[in-house]
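Data block below; observations after.
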Amino acid sequence: MVLGECAAETRTLDRMRERLAWLPSLRATHVVAVCVVGLLSVAVTVWRTFPFASTAAEYDMELLAYTAQSRSPGSNQSWYAPKPGSSLDDAFGANEPFDVMRNTRNGDGGAAISRLLAMISAWEAARGTKLQDEDLFCVHSLLFKERIPFALMQAFSDAERRRLCSVILERKRSLMWQNDAVSVLFAQPDFGLGNRLRALAALLAHASATGKLLVVLWTKNQHLNASFYDLFAAGHQALVIHDFDPGTYPWCTEDKDPNCVLLDELNFIFAENPDRIHPEKFDWQKEDKRAAKAGKLHFFVKTAYVLRSSHNHAVEELRVDAVGVFLRRLRPNQAVYRLVDAALKALPVPIKNTVGVHVRSLAPEAEFETSRGENMSSAELEALRMNQKALYGERGYEILGSWRSATGPQAFTRHLASLDASVHFFVASDSESAYEALSNAFPNRVHRASGGTTCGRPRDCACVQFAFTDIILLGHTAQLFGSGYSSFSEVAKRRGDIPMQLAGKHF
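Under this note's numbering, the first residue of the sequence shown carries the number 1, and numbering increases by one thereafter.
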């Protein structure tokens with residue numbers, strides 16, 4: 001059939017030469033090239049048509065086996081289909097070698113396998129139940145085939161772990177190299193809402209540009225006490241691990257887990273890694289090259305900042321903000337949408353006809369005092385101040401304080417007074433006094449999402465949902481006057497793709 005297709009291609013070219021005699025004659029190399037293309041098209045057609053092996057044993061006894069009834073779109077495909085009543089020992093053989101780890105960089109593959117199997121047994125004992133069939137196969141696949149570190153594999157819920165295995169399978173089905181492990185980017189955004197949103201969007205953009213599979217590690221802490229799904233739609237495409245606490249950086253070392261040898265661990269939080277590369281000097285393209293040379297496959301990144309990626313330079317040349325694009329793809333859940341809808345209905349003018357204002361003026365210790373809903377003693381405030389200095393670094397804390405003093409309500413009042421007297425303002429702030437100052441200066445022209453200052457502690461779920469509402473609404477205003485050195489202002493501007501001027505910088 002293939003030779004017949006090549007002959008047919010040749011006859012077609014002969015007819016084309018006769019009809020286009022004025023063109024230079026086509027060379028034999030052109031015919032060969034067309035035949036090669038034909039052969040490749042046939043090979044791809046065959047590859048897309050025939051199913052994989054029907055059992056794990058028929059797939060060369062490798063640890064990760066795939067099965068599918070059909071490769072047609074929309075078919076109900078199972079990534080592992082053991083025989084009825086069979087166990088993994090039946091499928092693989094009790095003493096079958098795990099060839100996938102025999103030829104690895106970590107030296108003795110057999111010892112690594114034994115260590116991981118022992119870790120699985122200890123985990124099963126702690127769970128009180130043994131993994132069965134599909135769950136056990138998924139765990140083995142992630143550890144022995146994909147080389148995911150044990151702590152990360154273990155942190156998934158059972159449902160999310162199975163989903164990860166399914167997503168990896170679909171990735172592999174779209175590639176010619178079925179046996180290659182998929183590179184996974186474990187992204188742990190940290191600090192408050194603005195920091196997490198910008199960091200996560202930048203990592204999503206990088207993963208999209210490089211083909212990495214992104215897994216979100218979302219931890220509730222003093223900076224943000226809300227889960228991922230408290231903010232984002234449950235049907236979101238992101239794979240999520242909740243409340244993962246890896247411990248002291250660097251936490252993934254080969255003496256703890258043989259798979260850690262393949263993990264490139266990056267931490268940009270100053271308090272946890274004072275020797276970090278400064279986020280502004282980091283470049284993903286250089287890091288990818290360095291990691292590949294070092295034999296790394298997966299990435300763990302903890303950050304509160306946008307990490308630059310020259311992979312996206314083509315997008316930047318088109319003047320498209322990749323971070324903004326992926327911020328818009330992070331879909332809010334229904335609770336946040338209801339808050340947005342209520343705020344829009346309460347406005348006397350369309351949101352697009354208002355000017356957005358974000359006032360960020362509280363010092364960190366003052367904000368946390370407010371978050372507790374009570375006055376703190378001088379000793380408590382001093383302890384908190386020292387904690388903030390450790391978190392940001394002495395110099396970083398000083399810079400933050402100077403910006404906060406430059407972005408108080410008085411700076412905005414002076415600037416907004418220069419605008420037309422008919423302009424309405426949509427205001428978001430970390431301080432009730434800022435709302436009062438602006439409302440007094442511009443009566444009946446200052447609006448906000450109701451409830452944002454009566455929701456409870458600023459870092460808890462209800463208030464974080466209002467904060468997300470403010471970000472969305474600010475992004476729909478005509479232009480934004482934001483606060484310098486504020487990730488909240490940055491995210492609102494990038495998500496809405498609107499012009500912005502900053503207090504402390506532009507006015």
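The beta carbon of each residue, even a glycine, is placed where N, CA and C say it ideally should be.
DSSP assignment within the region 167–220 yields the following whole alpha helix (DSSP H) runs of 4 residues or more, N-terminal first: 193–210.
With fewer than 16 other Cβ atoms inside 10 Å of its own Cβ, H506 counts as exposed. For Q154 and G192, the gap between their C-alpha atoms comes out near 26 Å. In this structure, the straight-line span from the alpha carbon of R404 to that of I148 is close to 42 Å. Counting along the chain, the unbroken alpha helix (DSSP H) around Q410 starts and ends at P409 to L416. Note on the region 264–332: whole beta strand (DSSP E) runs with a minimum of 3 residues are 298–303, in chain order. The beta carbon of I471 sits closer than 6 Å to the beta carbons of V491 and A492 from its chain, once the five residues preceding and following it are set aside; these are given in chain order. Under the 10 Å beta carbon count, K172 is surrounded by 16 or more other beta carbons and is classified as buried.
Judged by beta-carbon spacing, V325 lies beyond the 9 Å limit of L419, meaning their Cβ atoms are not closer than that value. With a minimum length of 3 residues, the unbroken runs of beta strand (DSSP E) contained wholly in the region 336–365 fall at 355–359. Collapsing the DSSP output to three states places N225 in a strand. In the DSSP annotation of this structure, the continuous segment of the alpha helix (DSSP H) that includes G496 starts and ends at S487 to G496.
In this structure, the alpha-carbon of P458 lies about 11 Å from that of A226. R162 sits close to E134, with the two beta carbons spaced by under 9 Å.
In this structure F426 touches V357 by the C-beta definition: roughly 7 Å separates them, less than 8 Å. Contact fails between the region 431–450 and the region 205–215, because fewer than three Cβ pairs, one in each stretch, are under 8 Å apart.
Inter-residue distance for L347 and T413 is about 21 Å (C-alpha atoms, whole angstroms). An exposed status is given to N444, since fewer than 16 other beta-carbon atoms sit within 10 Å of its beta-carbon. Collapsing the DSSP output to three states places V423 in coil. The count of Cβ pairs closer than 8 Å, one atom from the region 243–257 and one from the region 280–295, stays below three, leaving the stretches out of contact. CA-CA distance, P258 to F186, rounds to 18 Å. A Cβ-Cβ distance of about 6 Å is found for the pair K352 and A478, placing them in contact under the 8 Å criterion. With contact defined as three or more Cβ pairs closer than 8 Å, the region 296–304 and the region 322–341 are not in contact.
Assignment of G401 by DSSP, reduced to helix, strand and coil, places it in the helix class.
Taking the C-beta atoms as reference points, L224 is found no nearer than 9 Å to L327. Apart from the 5 residues on each side of it in sequence, F156 sits with its Cβ closer than 7 Å to the Cβ of L164 and I241 in its chain, given in chain order.
In the displayed model, D230 falls within a helix according to three-state DSSP. A503 carries a strand assignment under DSSP once its states are collapsed to helix, strand and coil.
N195 places its beta carbon less than 9 Å from that of S487. The C-alpha of A159 lies about 10 Å from the C-alpha of L239. The C-beta distance from N333 to L169 rounds to 28 Å, too long to fall under 8 Å, and the pair is not in contact. Burial state of D245 is exposed, judged by a 10 Å Cβ sphere holding fewer than 16 other Cβ atoms.
Among the bridge pairs identified by DSSP, G482 is matched with L502. In this structure H298 is buried. Its beta-carbon is surrounded by 16 or more other beta-carbon atoms within 10 angstroms.
Around the beta carbon of T454, fewer than 16 other beta carbons lie within 10 angstroms, which makes this residue exposed. Short of 7 Å from the beta carbon of G393, and not among the five residues preceding or following it, lie these beta carbons of its own chain, in chain order: F270.
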